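Some notes on the structure that comes next.
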Amino acid sequence: MTGNLGRLTKAKRIVIKIGSALLVDQESGAIRRDWLAALAEDIAALHDQGKQVAVVSSGAIAAGRRHLGLTGRTLRLEEKQAAAATGQIRLAHAYEEALARHNITVAQILVTLDDTEERRRHLNARSTLNQLLALGAVPLINENDTVATQEIRYGDNDRLAARVAAMISADVLVLLSDIDGMYEADPRKAPDAKYIPEIGEITAEIEAMAGAAPEGYSSGGMITKVAAARIALGGGCHMALAEGHSLNPVRRLMEGGRCTWFVASANPRTARKRWIAGSLKPAGELIVDKGAENALAKGSSLLPAGVAKVKGRFDRGDLVTLRSLEGKEIGRGLAAYGDEDAKRIAGHKTGEIEEILGYRGRDEIVHRDDLALD
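Counting from 9, one number per residue, gives the positions in the sequence shown under my numbering.
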C-alpha cells in the first residue's frame, strides 16, 4: 500500500477523469452539487500540496438532454450533439462555481480525436494545457461532441483522459468510476470474483477480463478502462481505477482507499522521448553549431541562435533530425516552427523572433521536452 500511496504523493501532475454517473443524477439529470463540492475540496487540497490538476469530465449529454426533452430513449448522434451543447454550459458553470470557493480558476478545453492525434494540433493543445497548469488553473476537458462525427470521436472519456494524460506527461491518471478496481470477472455478476490490486502489463488475459458497459448514461465499461490503461502506461503514466460515488473520492484514495493501480514501467519524460526517437519519420534537418551542441548535451532546448542551417520541408510539430556541423546525428525533436520560419530566425537571438516573423512564437526551435538525444 505504501508504494501505491507514493505514486499519488510523489505525482506533480495529475489527471482526474469523472464519469457521467458520478456527476449527474441519472433519474433527474441534475448535477450532483454536493458531490462536486467535495471533489473541489480534493482538488484544492492537491493544489495546496503543489500539484497540478486537470479534469476530464463526462456528463454534458446527461446534463443537457432533460432540458431538451430527450429523455427515456436512445439518442441519435445529432441529438447527442444538441444535448452536449446545452449540457456543457451547465457543466462548466458548475465546476467554475465549485472551484471558485477555493480561489481556483477553471478553463474549458473541448477536443476531438484529431486534436490529440494530428501532430500540430497535439502540439497546440499540449502547449495550451501546459500554460494553464503553470498558471495554476484547472483545465476542464471534454470531447467536443457538438462538432465531432463518428469518424473522429473517442466515444468515451476514459480513452480521452488517457490521451490527455500522455499528451501533457502527467504522472498519474485517476479514473473515478462506479467500481472500486479491476476484478477477474464482473463482480456484479460474479460476487466471488477476485480483486486485482496491481497490474503492470496489459496482457490478453487482462483484456479478456474486461466486461461490457453497464446500462444507463455511461458509454464506458471495463473494456474502455483497460484500453485507457494501455494508452496511459505507454505514456509513462500510472493509472488508478477507483470507485467515485462517495464524497471526497480523491482524498479517500490518498488515504489508502481501495483501487487497482496500473503501473507504468517508464516515467512520462522517458516515454515521450522514446516516442519521439523511434515512432516518427523525420521530415527535415537542423544543423546546429558547436555551442548549441554542447548546450543540448547539458539538457538545454535548441534556440534559434544555435541553428546554422535548415534543411527539408516541414511544418510546426513535425519531427526533425538534429545534426552537428560535421553531419553527425545528435538527436531528434519536434519543431516549434515550420521550415520557412525556421530559416528566417536561424542564427538570431530569441528576442529578435517577433521583429523577424511579425509574431511572438516559441522561444525555442525545439523545446527540450520535445527532444530525444542520441
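Every residue gets a Cβ at the ideal spot worked out from N, C-alpha and C, and that includes glycine. It should be emphasised that the depicted structure is a prediction, and the values quoted were computed from it without experimental measurement.
Cβ pair LEU342, VAL374 closer than 8 angstroms: Going by C-beta atoms, LEU342 is nearer than 8 angstroms to VAL374.
ARG84 vs ASP323 beta-carbon contact at 8 angstroms: Cβ distance not < 8 angstroms, so ARG84 and ASP323 don't count as in contact.
Cβ-Cβ separation, LEU249 to THR268 (assumed contact under 8 angstroms), whole Å: Contact between THR268 and LEU249 holds: CB atoms are separated by about 5 angstroms, below the 8 angstroms threshold.
Per-residue DSSP class, three states only, for VAL63: For VAL63, the three-state secondary structure derived from DSSP is strand.
Within 8 angstroms, strictly: CB atoms of ARG385 and ASP166: Lying outside 9 to 382, the shown extent of the chain, residue 385 is not represented and no answer is given.
At least 3 beta-carbon pairs within less than 8 angstroms: the stretch 90-101 vs the stretch 138-145: The stretch 90-101, when compared against the stretch 138-145, does not touch it at the 8 angstroms Cβ threshold.
Exposed unless 16 or more other CB atoms sit within 10 angstroms - verdict on HIS4: In this structure the chain extends from 9 to 382, so residue 4 is not present and cannot be described.
ILE364 beta carbon less than 8 angstroms from that of ARG376: No, the pair does not count as a contact, with Cβ atoms beyond the cut-off.
Between the CA atoms of LYS319 and ALA291 - distance to the nearest angstrom: Distance between the alpha carbons of ALA291 and LYS319: 9 angstroms.
Burial state of ASN111 (16 or more Cβ within 10 Å): Label assigned to ASN111: exposed.
Contact check, ALA380 vs GLY339, beta carbons under 8 angstroms: Yes, Cβ-Cβ distance for ALA380 and GLY339 is below 8 angstroms.
Residues bridged to ARG340 (per DSSP): Its beta-bridge partners are THR329, ALA380.
Beta bridge counterpart(s) of GLU189 as assigned by DSSP: The identity of residue 189 in the sequence shown is Gly, whereas the question assumes Glu. Note: GLY189 sits in no beta bridge, so no partner.
Cβ pair ASP122, ILE22 closer than 8 angstroms: Not in contact: ASP122 and ILE22 (Cβ atoms no closer than 8 angstroms).
Buried versus exposed, by CB contacts within 10 Å (16 or more), ARG40: It is buried - the Cβ of ARG40 has at least 16 other Cβ atoms within 10 Å.
Which of helix, strand or coil DSSP assigns to GLY242: Of the three classes helix, strand and coil, the one that applies to GLY242 here is helix, per DSSP.
Opening and closing residue of the alpha helix (DSSP H) in which ARG276 lies: As written in the sequence, residue 276 is Pro, which differs from the Arg given in the question. Taken as a continuous stretch (DSSP letters only), the alpha helix (DSSP H) holding PRO276 covers 276-286.
Reduced DSSP category for THR268 - H, G, I as helix; E, B as strand; rest coil: When secondary structure is reduced to three states using DSSP, THR268 falls in the strand class.
As assigned by DSSP and simplified to three states, the class of MET294: The residue you asked about is not Met; residue 294 is Leu in the sequence shown. Three-state DSSP puts LEU294 in a strand.
ALA305 (DSSP reduced to helix, strand or coil): The answer is helix: DSSP assigns ALA305 an H, G or I state.
Length of the line joining the Cα atoms of ARG331 and ILE361: Between ARG331 and ILE361, the alpha-carbon positions lie close to 22 angstroms from each other.
Cα-Cα separation between GLU126 and GLU293, rounded to whole angstroms: Their Cα atoms are separated by approximately 21 angstroms.
Beta-carbon proximity list for TYR191, same chain, < 6 angstroms, skipping 5 on both sides: ALA201, TYR203.
Selection from ILE149, ALA46, GLU206 that minimises the alpha carbon distance to THR120: Closest option to THR120, Cα to Cα, is ILE149.
Rounded Cβ spacing between ILE117 and LEU99 (contact assumed at less than 8 angstroms): With a Cβ gap of about 13 angstroms, ILE117 and LEU99 do not count as contacting.
Same chain, Cβ closer than 7 angstroms to LEU140, five either side skipped, listed in chain order: Cβ within range, chain order: ALA115, PRO147.
DSSP beta-bridge partners of LYS319: BP columns for LYS319 point to GLU293.
First through last residue of the alpha helix (DSSP H) which encompasses LYS351: DSSP places LYS351 in the uninterrupted alpha helix (DSSP H) bounded by 347-353.
The alpha helix (DSSP H) enclosing ARG171, as first and last residue numbers: For ARG171, the enclosing alpha helix (DSSP H) starts and ends at 165-175.
Sequence-distant residues of the same chain with beta carbon closer than 6 angstroms to ALA240, five excluded per side: Around ALA240: ALA170, ALA173, LEU181, MET247.
Per-residue DSSP class, three states only, for PRO195: Of the three classes helix, strand and coil, the one that applies to PRO195 here is coil, per DSSP.
Coarse secondary structure for GLN116, derived from DSSP in three states: When DSSP states are grouped into helix, strand and coil, GLN116 belongs to the strand group.
For PRO312, the three-state DSSP class (helix, strand or coil): Helix, per DSSP.
Collapsed DSSP secondary structure at ILE204 in the structure displayed: ILE204: strand per DSSP, three-state reduction.
ILE364 (DSSP reduced to helix, strand or coil): Look at ILE364 here: in three-state DSSP terms it is helix.
Sequence-distant residues of its chain with Cβ nearer than 7 angstroms to CYS245 (five each side left out): Excluding sequence neighbours, CYS245 sits near ALA173, ALA174, ALA178, ASP179, VAL180, LEU181, ALA272, PRO276.
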